[in-house]
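Written below as structure tokens is the structure these notes are about.
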Ligand code: PRX
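Residue numbers (full-length UniProt numbering): 1 to 661.
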């Protein structure tokens with residue numbers, strides 16, 4: 001990884017957009033990009049008002065664009081009314097799009113099911129009626145704990161249709177994580193499936209919901225709606241649980257979309273922060289919908305003939321904006337995939353691109369790196385074995401892409417003709433922020449290049465002053481934008497403190513470090529500056545994992561978690577643990593480490609399992625008792641300690657912790 005970082009620093013290859021792409025692009029050439037940036041600078045509100053009128057269908061037009069009176073609680077298009085589902089489905093009725101495939105679903109076992117926009121509207125409407133029949137209404141919160149399926153998208157769209165606020169919980173999160181989210185959101189219902197299929201295995205969902213609710217505090221839940229993904233029966237609680245078939249029975253396939261105010265919360269999505277408790281990122285309806293639709297057009301330059309495939313799960317923000325909303329709002333056919341990239345073998349993605357004639361492919365660097373590794377060791381799963389000529393644009397998201405992976409993606413997947421859009425954004429930003437435009441931006445591997453028009457991204461020092469190009473600093477956004485986080489659900493103070501800290505005087509703090517290149521001013525993200533790790537493109541709070549570890553009270557006295565670079569997953573989780581018994585070694589250490597890994601999987605989810613667990617008699621602390629994390633980071637990396645250790649109370653501990661199990 002350090003060699004990757006070095007190669008990013010010296011990266012000087014530039015890939016201009018192919019002439020044909022520039023010609024056909026909506027934003028054509030840098031002149032096109034710069035014209036939009038100028039428009040935003042000259043008349044900020046006028047710029048957003050124009051785009052919001054052109055890209056969103058309003059039930060009631062807005063008269064106010066941006067309300068800054070209660071900053072940083074910004075409001076956009078505040079007095080306008082719309083419905084998100086109508087903007088994704090009803091809008092296409094009576095146009096050639098209505099009979100086009102909206103979703104081409106490929107199940108884990110390869111079975112393909114297609115629904116048109118018209119059919120999807122009917123199914124969303126019917127499910128929306130079913131939700132209403134359960135007493136679920138506008139403003140209620142609904143947890144969606146679903147596999148990647150057409151029904152998962154229907155669940156989200158149906159909530160939006162009746163004005164209920166969905167909170168999707170990734171199917172890999174544990175019963176405890178689910179319990180915490182149900183309580184924090186005060187949800188009235190859970191929409192789930194009996195099982196999910198991943199890599200040929202049937203994995204439980206409903207039993208985890210039962211367990212989560214049984215942990216207590218979930219009296220708010222009135223109903224649990226269960227999609228029968230597989231034939232295997234699951235436990236059903238009388239009076240509370242109903243199958244999809246039961247609730248859909250007799251429901252009409254038309255349902256008038258409920259108009260909501262532009263600021264109405266469309267969804268809450270929990271994400272990790274720098275304390276132990278995940279943050280409920282709250283998004284509004286109008287600005288979010290605008291951005292989902294607009295970035296499909298700007299960043300992916302979608303055309304009516306495209307087949308779009310974003311591989312993200314609907315449990316993450318990428319699956320919200322670029323599966324459940326963006327492609328539908330843009331009226332483009334999309335592939336939704338239930339399974340995993342390595343089943344039945346690591347050629348699955350390439351095989352699916354060929355089979356469905358995918359034209360725009362959007363995935364994460366971790367997936368690319370693991371498929372490079374697989375192709376290196378087995379020629380049969382190398383992309384060269386499939387016809388990928390349908391592809392025209394590639395995308396990357398979730399973590400920095402190292403130039404080696406970028407070049408492989410460019411060469412072996414994109415056939416050296418497809419621009420790669422390396423999109424930097426966050427759960428909090430709702431959609432793309434800094435990204436190349438396929439028909440405009442010359443590409444530099446490993447760089448997310450330039451902010452989208454109207455996104456006033458900058459790099460500043462700790463006092464909020466701009467730093468010159470070439471000097472690293474803190475990534476901020478200087479002006480609000482329509483799809484920004486509105487607040488943290490139930491915790492407006494934490495919202496202010498996390499994203500608009502006083503010392504930055506009104507600038508949005510992304511939580512990432514970045515540097516702009518001296519020549520082009522291109523942004524390169526250098527990684528999180530807080531206690532948040534990025535493991536395989538998934539955000540994990542170190543404190544969250546520490547809290548999970550110390551919750552094993554019979555065993556763990558103290559724990560500190562840090563990240564270390566990992567060639568495959570970007571970062572890996574490394575935990576230093578002090579037990580309530582003598583420090584274990586050898587086999588015993590291995591066995592306890594495994595026990596702790598499984599414990600963390602139960603507390604949070606398998607994605608939070610530490611890769612490396614080390615045991616010590618103590619942790620390195622200053623005389624005032626503060627854990628010296630920078631030393632732990634060096635130990636985790638296997639580096640020699642060069643830092644000043646004079647304030648360390650117990651220097652001998654370093655050697656002990658450096659020993660691997
Ligand atoms: O550190 C940045 C990294 O992912 C973080 C956001 O994580 P999350 O909210 O889970 O959203 C991921 C999907 C948008 C950011 O703070 N990140 C995301 N995209 C990139 C990135 N780092 C570098 N390059 C990217 N393209």
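Just so you know, even glycine gets a beta-carbon here, dropped at the ideal spot from N, CA and C. Remember, it's a predicted structure, so these values are computed and weren't measured experimentally.
In this structure, residue 474 has its beta carbon at no less than 8 Å from each heavy atom of the ligand PRX. Between residue 156 and residue 144, the beta carbon gap of about 6 Å places them in contact (Cβ cut-off 8 Å).
A distance below 9 Å separates the beta carbons of residue 653 and residue 619. Residue 406 sits in a helix when the DSSP states are folded into three classes. Ranked by Cα distance from residue 271, the options 69, 257, 309 and 317 are led by 317. Inclusion of residue 287 and residue 482 in the CB contact set at 9 Å is warranted, their separation being smaller than that value. For residue 526, the uninterrupted beta strand (DSSP E) segment begins and ends at 523 to 528. For the pair residue 417 and residue 395, the Cα-to-Cα distance works out to about 13 Å. Per DSSP, residue 129 is one residue of the alpha helix (DSSP H) stretching across 117 to 133. In the DSSP assignment, the residues bridged to residue 564 are 572. Ranked by Cα distance from residue 171, the options 185, 142, 188 and 203 are led by 203. Fewer than three beta-carbon pairs drawn from the stretch 291 to 311 and the stretch 171 to 184 are found closer than 8 Å, and the two stretches are therefore not classed as touching. Here DSSP, grouped into helix, strand and coil, assigns residue 259 to coil. Bridge partners of residue 145 according to DSSP: 192. Counting of Cβ neighbours within 10 angstroms places residue 14 among the exposed residues, the total staying below 16.
Residues of the same chain with a CB within less than 7 Å of the CB of residue 91, apart from the 5 flanking positions on each side, are 57 in chain order. Here the alpha carbons of residue 12 and residue 455 stand approximately 26 Å from one another. The Cβ atoms of residue 582 and residue 597 lie no closer than 9 Å to each other. Per DSSP, the continuous beta strand (DSSP E) segment holding residue 265 begins and ends at 265 to 271.
Leaving aside the five residues that flank residue 555 on each side, the residues in its chain whose CB is nearer than 8 Å to its CB run, in chain order, 579, 580, 581, 592, 595 and 596. One alpha carbon belongs to residue 236, the other to residue 211, and they sit about 12 Å apart. With the criterion CB distance below 7 Å from any heavy atom of the ligand PRX, the matching residues run 271, 316, 317, 318, 396, 397, 398, 399, 400, 401, 422, 423, 424, 425, 426, 427, 428, 448, 510, 511, 512, 525, 527, 528, 534, 537, 538 and 539 along the chain. If you ignore the 5 residues before and after residue 217, its C-beta comes within less than 6 Å of the C-beta of 183, all in its own chain and listed in chain order. In its chain, beyond the 5 residues on either side, 405 and 408 have a beta carbon closer than 7 Å to the beta carbon of residue 372. Per DSSP, residue 657 is one residue of the alpha helix (DSSP H) stretching across 652 to 658. By alpha-carbon distance to residue 112, the top candidate from 266, 338 and 85 is 338.
The three-state reading of DSSP puts residue 334 in strand, counting E and B together.
By the Cβ test, the stretch 339 to 357 is in contact with the stretch 379 to 394, since at least three Cβ pairs between them sit closer than 8 Å.
In this structure, the CA atom of residue 508 is about 42 Å from the CA atom of residue 376. Among the bridge pairs identified by DSSP, residue 439 is matched with none. In this structure, residue 419 lies near residue 17, with their beta-carbon atoms less than 9 Å apart. Residue 473 carries a strand assignment under DSSP once its states are collapsed to helix, strand and coil. By the Cβ rule, the stretch 132 to 139 does not count as touching the stretch 94 to 112, because fewer than three pairs are nearer than 8 Å. Residue range 492 to 499 is occupied by the alpha helix (DSSP H) that includes residue 492. For the pair residue 195 and residue 149, the CB atoms are not nearer than the 9 Å cut-off.
Residue 85 counts as buried, since no fewer than 16 other beta carbons sit within 10 angstroms of its beta carbon.
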